[in-house]
Amino acid sequence: MSLPKHVKAQYLARFDELIKEGVAIINSIQVHPPGKYGNVVMLHTTYNWDAQRVEKWKTNCLALFHPFLVKGTNLDKQVDSFSHTSGKKPDVQRALGILEAFRDDLEKGFLDDFLLRVEAEVAADYMGQADALLKEGQPGVFDHVPAAVLTGAVLEKALRTLCDRQQSQIPLVNAKGENKTLNPLIDDLKKAGVFNELKAKQLRAWADIRNKAAHGEFDQFTKGDVEQMLGGISNFLADYLQ
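Below, the structure is given as structure tokens:
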């Protein structure tokens, strides 16, 4: 499944910034080949570079690589090699080649699955937090409300991702330029055939709980409702975002 265009564009733009900086660093490195310099005879090529600038560039690149890494893979080994880059010109040139190769693979779609995996892991983390909030709540109080808000936020993000993934992307804003809320997103996805009316009805019920939680209507739903919502949205994520 393809990565949403705007997400890929953000990553590609960051790669381009760091590639440009890598080229600038290479051009700034002073190279002194073997020879006699005054009273000093140098037997080997030496290099002078801005260590702070090189380390900042490396750190930024490693942060950009991080979502793509799976331990033990070739990508992981390449990034490990990148992390040991010194400021010597051949080393930085080799590191720049790794950076450019990553960008090329991302642009051609070979790394989409890695970023989608990150998105799924983030959603799972938030759902885990919501589950923990429910378990920590006390009977007879509204401790389940934060879990409803958090779970609803995960649902909204999932619906927006589904809109981005459609062959003909579904707009995320309405005619007034405002971000669409849950129910319009659900309606648009149903019209696009992503799911049927039965699933849309379930999603609207969960959206209603989220809206009531966000607007202080705490007596309009129960902890049991939120528990069902949490389970239902977890299943929805598994069925539609894998």
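So in the working numbering, spot 164 of the sequence shown is number 153, and the numbers just go up one at a time.
Built from N, CA and C at the ideal position, the CB exists for glycine as well.
Spatial neighbours of residue i within its chain, please: CB distance less than 7 Å, with the 5 preceding and 5 following residues excluded, ordered by chain position.
{"i": "V143", "result": "A112, Y115, M116 and I222"}
{"i": "K77", "result": "Y36"}
{"i": "A181", "result": "Q155 and I159"}
{"i": "V20", "result": "T34, Y36 and K78"}
{"i": "Q(-1)", "result": "none"}
Does the Cβ of residue i have 16 or more other Cβ atoms within 10 Å, making it buried, or fewer, making it exposed?
{"i": "R92", "result": "buried"}
{"i": "R83", "result": "exposed"}
{"i": "M218", "result": "buried"}
{"i": "Q41", "result": "exposed"}
{"i": "W30", "result": "What sits at residue 30 in the sequence shown is Val, not Trp. V30 is exposed by the Cβ-count criterion."}
{"i": "V215", "result": "buried"}
{"i": "V43", "result": "buried"}
{"i": "A90", "result": "exposed"}
{"i": "M(-10)", "result": "For M(-10), the pLDDT reaches just 49, beneath the cut-off of 50, and the residue's location in the model is therefore unreliable, although a value from the coordinates is still provided. Classification for M(-10): exposed."}
{"i": "K164", "result": "The displayed chain sequence assigns Ala, not Lys, to residue 164. Burial call: exposed."}
{"i": "A227", "result": "exposed"}
{"i": "T211", "result": "exposed"}
{"i": "A196", "result": "buried"}
{"i": "L122", "result": "buried"}
Can you check which of these residues, the options, is closest to residue i by C-alpha distance?
{"i": "L171", "options": "P22, K201, Q156 and S157", "result": "K201"}
{"i": "D65", "options": "R3, L88 and G98", "result": "L88"}
{"i": "I238", "options": "I15, F184, K188 and L139", "result": "The question about residue 238 has no answer here: the residues shown for the chain are numbered -10 through 231."}
{"i": "S17", "options": "P23, K9 and E216", "result": "K9"}
{"i": "E96", "options": "L192, K212, D176 and L1", "result": "L1"}
{"i": "Q158", "options": "G166, K165, R149 and A164", "result": "R149"}
{"i": "G11", "options": "N49, K165 and L226", "result": "N49"}
{"i": "L178", "options": "F207, A147, W195 and G205", "result": "A147"}
{"i": "G141", "options": "L58, G220, A13 and N28", "result": "G220"}
{"i": "K188", "options": "G98, Y229, P56 and P23", "result": "Y229"}
{"i": "E145", "options": "W46, D176, L122 and K124", "result": "D176"}
{"i": "E206", "options": "D39, P135 and V162", "result": "P135"}
Who are the near neighbours of residue i in its chain, counting only those whose CB is closer than 6 Å to its CB and skipping five residues on each side?
{"i": "K(-6)", "result": "none"}
{"i": "D94", "result": "L100"}
For residue i, write down the residues that DSSP places opposite it in a beta bridge.
{"i": "Y26", "result": "V29"}
{"i": "Q19", "result": "N37"}
Near residue i, what residues of its chain come up, given a Cβ to Cβ distance below 8 Å and the 5 sequence neighbours on each side ignored?
{"i": "I15", "result": "K78, V81, Q82 and L85"}
{"i": "L51", "result": "V68, F71 and S72"}
{"i": "V183", "result": "L151, Q155 and Y229"}
{"i": "A250", "result": "In the structure displayed, the chain extends from -10 to 231; residue 250 sits before or after that span and is not available."}
{"i": "P173", "result": "N163"}
When the cut-off is 8 Å and only beta carbons count, does residue i lie next to chain B?
{"i": "F225", "result": "Looking for chain B here will not work: only one protein chain is present."}
Where in the region 92 to 172 do unbroken runs of the beta strand (DSSP E), each at least 3 residues long, occur, reported from the N-terminal end onward? Whole beta strand (DSSP E) segments, 3+ residues: zero.
Which runs of the beta strand (DSSP E) spanning at least 3 residues fall entirely within the region 173 to 229, listed in chain order? none
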